[in-house]
Structures are given as C-alpha cells and as structure tokens.
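> One gets our numbering by counting positions in the sequence shown from 1 and adding 190 to each.
Ideal placement from N, C-alpha and C gives every residue a C-beta, glycine not left out.
First the structure, then my questions, so here it is.
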Amino acid sequence: MKHLDRYEPSEDGKTTNQQDKGLLFVHPKFGKVQDLYLENFQIVGTYVDTLRQLFKGAMNLDFLTDIEDSLSFGEKTFRFVGHDWILGKSGKASGYQYRLQNNQLGVIIFCKMFHSRAESIGSHLKIECSPWFLDNRSPKKVDQFLANIAKKILRCAEPHYPAIHLAVDVQGWKPDNDLSERMTCKSRRVSNYFGIDKAEFTVSDVSCVYDRAQSFKFGSAGAVQLAIYNKTIQARDIDKFDYMEHKWQESTKLDDGSSGYDPESDVFRFEVRFHHSVIQQFALGTCNKETGEIGVKMNTYTEVIKHIQALWQYGLRSFKLKYNSNYLDPIWTILLEDIVFKYPESAYKDNLHYKRYYKKATSFSGKNYQLYIGNLLSACARKGLKFKRVLRELQGSVIWDDIAQHYEKKNTTENQLIERLRESYQERILLGYSI
191 MKHLDRYEPS
201 EDGKTTNQQD
211 KGLLFVHPKF
221 GKVQDLYLEN
231 FQIVGTYVDT
241 LRQLFKGAMN
251 LDFLTDIEDS
261 LSFGEKTFRF
271 VGHDWILGKS
281 GKASGYQYRL
291 QNNQLGVIIF
301 CKMFHSRAES
311 IGSHLKIECS
321 PWFLDNRSPK
331 KVDQFLANIA
341 KKILRCAEPH
351 YPAIHLAVDV
361 QGWKPDNDLS
371 ERMTCKSRRV
381 SNYFGIDKAE
391 FTVSDVSCVY
401 DRAQSFKFGS
411 AGAVQLAIYN
421 KTIQARDIDK
431 FDYMEHKWQE
441 STKLDDGSSG
451 YDPESDVFRF
461 EVRFHHSVIQ
471 QFALGTCNKE
481 TGEIGVKMNT
491 YTEVIKHIQA
501 LWQYGLRSFK
511 LKYNSNYLDP
521 IWTILLEDIV
531 FKYPESAYKD
541 NLHYKRYYKK
551 ATSFSGKNYQ
561 LYIGNLLSAC
571 ARKGLKFKRV
581 LRELQGSVIW
591 DDIAQHYEKK
601 NTTENQLIER
611 LRESYQERIL
621 LGYSI
C-alpha cells in the first residue's frame with residue numbers, strides 16, 4: 191500500500207511545502223485528508239514497556255525446598271538476592287507453580303514448570319520486568335540482575351529468547367470508531383528491515399475492541415499482538431499516572447527546560463507485543479547481509495535490544511491501518527516512517543528517569559481515601575466518640591492534605607467535606623454502631 195503525500199506549512203502560513211515528515215496529509219487526487227498540525231500532534235515517548243525473560247535449566251532442588259518449606263509454614267515473604275518478595279503459588283494459566291513478586295522493584299519471578307519434572311532441563315524460570323525496572327537500568331545491568339537470579343534458582347541456567355513489548359505514545363490523535371474495520375493483519379514476509387533479511391511467521395487474525403473505542407487489540411498473545419489504547423486512562427486506573435506523566439515530560443523536554451507534553455490532552459499508546467516464539471523465529475531466520483550468515487543471538491535483553499528498530503518495523507507491517515484500499519492511514523505512515531527506537535546500550539542515559547517524582551493527590555481515583563474515611567468513621571462510631579475528636583484524628587493524619595486536595599478537585603471545599611463527614615458520622619451513630 192502507498193503513503194499519502196506529506197506537507198508542512200510555510201513560515202508565513204500562506205502556502206505549504208512537501209516535506210518527508212510533514213503532518214498535513216494529502217491525497218494526490220482528492221486533496222487534504224488530515225491536518226495533524228491542527229491537533230498539536232506529537233510523539234511523547236518510545237519505550238520498551240515489558241520484558242519477559244525465559245531461562246532454561248534444571249531446578250535447584252535446595253531453592254525449591256526452601257520456598258516449599260516457607261509456604262508450608264505459612265510465610266508470606268521470602269528473602270532472596272537481597273530483596274524481600276511476596277511468595278505464593280501461581281495459577282496453572284501461568285504455566286508455573288511458584289511466584290515471587292516485588293512490585294516496588296518491578297520484578298515478578300515464576301519458577302518450576304507445572305508439566306515438567308524439577309530435575310529435568312526445561313524453561314523452569316520466567317522473569318517479568320516492569321517498565322519501572324527497565325527505566326532505571328541499562329540492558330547490561332538488567333541482564334546481570336536476571337542472570338544472578340537464574341543461577342540461584344536453576345542449575346546450568348541459560349537465557350532463552352525473551353518476550354518484549356515496544357510502545358509509542360502520542361498526543362493529538364485518537365482512534366475513530368471504525369478503526370477495527372480499517373485494520374488488517376495477516377502473514378507477511380519481512381525483507382531487509384535494518385539488517386533482518388528474511389523471516390516469516392503467522393499473525394493470528396484476532397481483534398478485540400474495549401472501552402467504547404478507547405482500546406483495541408489485534409492478533410494473538412502467542413505470536414505478534416498489537417494493542418492501541420488510551421494510556422492516560424489506563425495509567426490512572428492502575429495508579430501510575432504520575433510516573434507516566436513524569437516520563438512524558440522528560441521525553442518532550444525542550445531546550446529552554448519546558449516540556450512539550452500537554453497535560454490537558456490524552457495520550458494514546460501503540461504497543462507491539464512479541465512472544466518468546468517470535469523472537470526465536472527472528473533469531474533463527476535472520477540473515478546477516480554483509481556475511482551471509484544465518485541466525486543471530488537474541489537470547490538476552492542486551493542482544494534483542496540491538497534489533498528493536500527492525501522488530502518495530504516488522505510489527506507495524508504485520509498490521510495495516512488503511513485510509514482506503516490504496517493508501518495507509520496517516521498515523522500508520524508516521525509510526526512506520528518517523529519512529530526511531532534508540533539503542534539503549536549507547537543512549538539509555540537519555541531515557542533514564544533518575545529524578546524523583548511524587549504521586550499527586552489530584553491524580554488518584556480516591557477509592558482508598560473513601561475506604562480509609564469510611565472505616566475510620568465506622569470504627570469511631572462503635573466507640574461512641576464525639577465527632578470533634580474524630581475530626582481531630584482525621585485532620586492529624588499524614589494524608590489529610592491529600593484527601594482535601596482530592597475532594598477540592600471534585601469541587602468540594604474542605605468545609606463542605608467536613609460537613610459531609612459530620613452527616614455520615616451522625617448517621618452511623620443513629621444506626622446504632624455504638625450499641
């Protein structure tokens with residue numbers, strides 16, 4: 191399929207000039223298709239969103255005994271490689287029996303495959319790394335940390351083809367209701383994409399639409415999958431908006447220190463997810479154009495990261511968002527032609543987020559505040575305390591200012607909030623909580 195012609199406005203704004211990265215898209219016969227300048231379109235970030243690293247080997251039976259003993263004694267946490275982990279059994283859907291989780295660190299460890307003996311060689315270890323973990327470490331440091339985990343859990347541990355998610359965040363664009371009808375996905379042959387000469391595999395023709403055209407998903411989780419969704423809404427839902435907003439501000443920082451990110455505009459994410467098996471197929475099917483050698487190493491994060499531009503290109507070409515039967519949609523042209531994933535081993539410092547950020551009360555859904563207030567009022571009502579004392583307890587808590595800010599954002603002043611609390615507390619007293 192062809193790309194629409196691209197133009198940019200002249201300096202005086204009276205004419206337009208054809209430009210390779212212009213945001214005014216024009217059909218050669220029918221004229222203007224879309225002017226993204228009017229929408230203040232911008233790329234606010236390109237990221238490796240998720241890494242799932244497999245390791246092959248036999249289970250270290252001493253380690254297996256340790257976690258089984260901890261579970262039998264009812265212990266909830268487990269000390270391992272200098273960190274505390276939440277220890278638990280994993281569901282069969284994961285394929286593994288045990289899970290160690292530390293969300294503060296940003297790592298989840300799955301070990302001991304359900305359908306393989308512990309002493310047999312197999313993919314007994316999968317380590318899932320969050321964006322937070324990846325953002326704060328170079329690929330080399332990530333691999334070193336994961337290898338240290340692997341050598342303690344497995345015997346003869348070897349890294350084995352990770353799964354990886356690549357994401358691009360944009361502002362000034364939102365999906366149309368007919369996006370799923372205009373999207374196609376099928377098997378394709380990859381040719382000469384940044385060093386990848388030949389590789390072919392199937393992209394399952396599966397599509398789902400969620401949240402009233404706010405979220406789309408195409409393809410199979412076991413192959414190549416494309417997700418398009420409102421990242422602003424998703425980040426708020428999982429209480430990670432402040433973290434993401436910090437990343438967007440840093441990614442769009444201008445020379446004068448200001449940020450190009452617009453806090454009033456929603457961010458949409460295009461995320462291409464590559465299963466372990468796809469990375470393996472790329473590794474085995476890639477041809478070095480200079481030497482003619484077939485096959486490259488893609489067993490670790492450091493090795494895969496060298497090929498992320500080629501992976502991104504393949505992912506985007508596996509799915510086509512059509513403007514019509516002959517031309518690609520403007521956003522697809524931008525994603526294919528304008529996006530460049532940097533190689534983090536040489537440029538990762540540009541993307542690290544060492545600056546501390548703080549969660550703001552105004553970005554929070556407020557559910558926990560409501561639970562906290564409700565439970566405190568009920569507990570105090572059971573004791574028959576006077577409301578003045580209850581209010582002193584609330585206002586003396588470390589989160590009262592956050593609570594007040596949260597309700598102020600919802601057009602409720604602090605005085606109005608106190609009156610609501612008084613009424614709610616009086617209702618609990620009259621319902622006989624203290625009897």
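From the DSSP secondary-structure annotation, give me the bridge partner or partners of K222.
In the sequence shown, the residue the question calls residue 222 occupies position 32. In the DSSP output, where bridge partners are listed per residue, K222 has V216.
> Do you know offhand how far F431's Cα is from G574's?
On the sequence shown, residue 431 is found 241 positions in, with the first residue counted as 1. On the sequence shown, residue 574 is found 384 positions in, with the first residue counted as 1. Using only the alpha carbons, I get a separation of about 39 Å.
> Helix, strand or coil, according to DSSP, for I428 in the structure here?
Taking the sequence shown and counting its residues from 1, the one referred to as residue 428 is at position 238. In the structure shown, I428 sits in coil (DSSP, three-state: anything other than H, G, I, E or B).
> If we require 4 or more residues per run, which alpha helix (DSSP H) segments fall completely within the region 221 to 262?
DSSP runs (the alpha helix (DSSP H)) wholly in the region 221 to 262: 251 to 262.
> Tell me where the alpha helix (DSSP H) around L566 begins and ends.
Indexing the sequence shown from 1 puts residue 566 at position 376. L566 -> alpha helix (DSSP H) spans K557 to K573.
> Considering N207, what are the terminal residues of the beta strand (DSSP E) in which it resides?
Here the question's residue 207 lines up with position 17 in the sequence shown. It spans T206 to Q208 - the beta strand (DSSP E) in which N207 sits, taken as one unbroken run.
> Based on the DSSP secondary-structure assignment, which residues constitute the bridge partners of P349?
Here residue 349 is taken as the residue at index 159 of the sequence shown, counted from 1. Note: P349 sits in a beta bridge opposite F245.
> Applying the 10 Å Cβ sphere with the 16-neighbour rule, what's the burial state of T240?
Mapped onto the sequence shown, residue 240 falls at position 50. With 16 or more Cβ atoms within 10 Å of its Cβ, T240 is classed as buried.
> Quick one: using the 10 Å Cβ neighbour count with 16 as the cut-off for buried, is G272 buried or exposed?
Translated into the one-based positions of the sequence shown, residue 272 becomes position 82. Result: exposed.
> Ordered along the chain, which non-local residues of its own chain (more than five positions away) have a Cβ less than 6 Å from that of I593?
The residue you call residue 593 lines up with position 403 of the sequence shown. Closer than 6 Å at the Cβ level, and outside the excluded window around I593, lie Y559.
> Leaving out five residues before and five after L525 in sequence, what residues of the same chain have Cβ atoms less than 7 Å from its Cβ?
Looking up residue 525 in the sequence shown gives position 335. Only V358, F460 and L506 meet the Cβ criterion.
> Given this structure, state the Cα-to-Cα distance separating A389 from H497, to the nearest angstrom.
Numbered from its first residue, the sequence shown carries residue 389 at position 199. Numbered from its first residue, the sequence shown carries residue 497 at position 307. Here the model assigns A389 a pLDDT of 42, short of 50, so the residue's position is not dependable and the matter cannot be decided.
> Contact defined as beta carbons within less than 8 Å: I believe F531 pairs with Q499. What is the distance between those atoms, to the nearest angstrom?
Along the sequence shown, read from residue 1 onward, the residue named residue 531 stands at position 341. Along the sequence shown, read from residue 1 onward, the residue named residue 499 stands at position 309. With 8 Å as the limit, F531 and Q499 qualify as a contact, their Cβ atoms being about 5 Å apart.
> Using a beta-carbon distance below 9 Å, is A283 in contact with chain C?
You won't find chain C in this structure, because it holds only one protein chain.
> With H, G and I counted as helix, E and B as strand and the rest as coil, what does DSSP make of I311?
Within the sequence shown, the letter at position 121 stands for residue 311. Coil.
> For I469, count neighbouring Cβ atoms within 10 angstroms of its own Cβ and tell me buried if that reaches 16, exposed if not.
In the sequence shown, residue 469 corresponds to position 279, counting from 1. Buried.
> Give every residue of the same chain whose Cβ lies closer than 6 Å to the Cβ of V627, excluding the five residues on either side of it in the sequence, and list them in chain order.
The first residue shown for the chain is 191 and the last is 625, placing residue 627 beyond what the model contains.
> Which two residues bound the contiguous beta strand (DSSP E) that contains N292?
Here residue 292 is taken as the residue at index 102 of the sequence shown, counted from 1. Counting along the chain, the beta strand (DSSP E) containing N292 begins and ends at Y286 to N292.
> Mind checking whether L214 and L226 have CB atoms under 9 Å apart?
One-based indexing of the sequence shown puts residue 214 at position 24. One-based indexing of the sequence shown puts residue 226 at position 36. Closer than 9 Å, so yes.
> Please classify C319 as buried or exposed, where buried requires at least 16 other C-beta atoms within 10 Å of its C-beta.
For the purposes of this step, residue 319 is taken as the residue at position 129 of the sequence shown. Buried, because 16 or more other Cβ atoms sit within 10 Å of the Cβ of C319.
> Which whole-angstrom value is the C-beta distance of C375 and F323, which I expect to be below 8 Å?
Position 185 of the sequence shown, counted from the first residue, corresponds to residue 375. Position 133 of the sequence shown, counted from the first residue, corresponds to residue 323. Their Cβ separation, rounded to whole angstroms, is 30 Å, which puts C375 and F323 out of contact at 8 Å.
> Which of helix, strand or coil does DSSP assign to V468?
Sequence index remark: in the sequence shown, residue 468 carries index 278 (1-based). Three-state DSSP puts V468 in a helix.
> Classify G235: buried if its beta carbon has 16 or more other beta carbons within 10 angstroms, exposed otherwise.
Along the sequence shown, one-based indexing puts residue 235 at 45. Looking at its Cβ environment, which holds 16 or more other Cβ atoms inside 10 Å, G235 is buried.
> Indicate whether F300 and S284 have their beta-carbon atoms separated by less than 9 Å.
Within the sequence shown, numbered from 1, the residue matching residue 300 stands at position 110. Within the sequence shown, numbered from 1, the residue matching residue 284 stands at position 94. Cβ atoms of F300 and S284: closer than 9 Å.
> Could you tell me whether the region 247 to 255 touches the region 337 to 348, where touching means 3 or more Cβ pairs closer than 8 Å?
Verdict: yes, contact present.
> Can we say the region 292 to 299 touches the region 262 to 279, given the rule of at least three CB pairs closer than 8 Å?
Output reads yes: the region 262 to 279 touches the region 292 to 299.
> Do you know offhand how far P329's Cα is from F268's?
The residue labelled residue 329 in the question sits at position 139 within the sequence shown. The residue labelled residue 268 in the question sits at position 78 within the sequence shown. So the alpha carbons of these two residues sit roughly 26 Å apart.
> With a threshold of 8 Å, are at least 3 pairs of Cβ atoms found where one atom belongs to the region 431 to 448 and the other to the region 203 to 223?
Taking 8 Å as the limit for Cβ pairs, the verdict is that the region 203 to 223 does not touch the region 431 to 448.
> Please return the same chain residues whose Cβ sits closer than 8 Å to the Cβ of A308, not counting the five positions on each side in sequence.
Taking the sequence shown and counting its residues from 1, one reaches residue 308 at position 118. The answer, listed in chain order, is A248, M249, L251, L254, K302 and H314.
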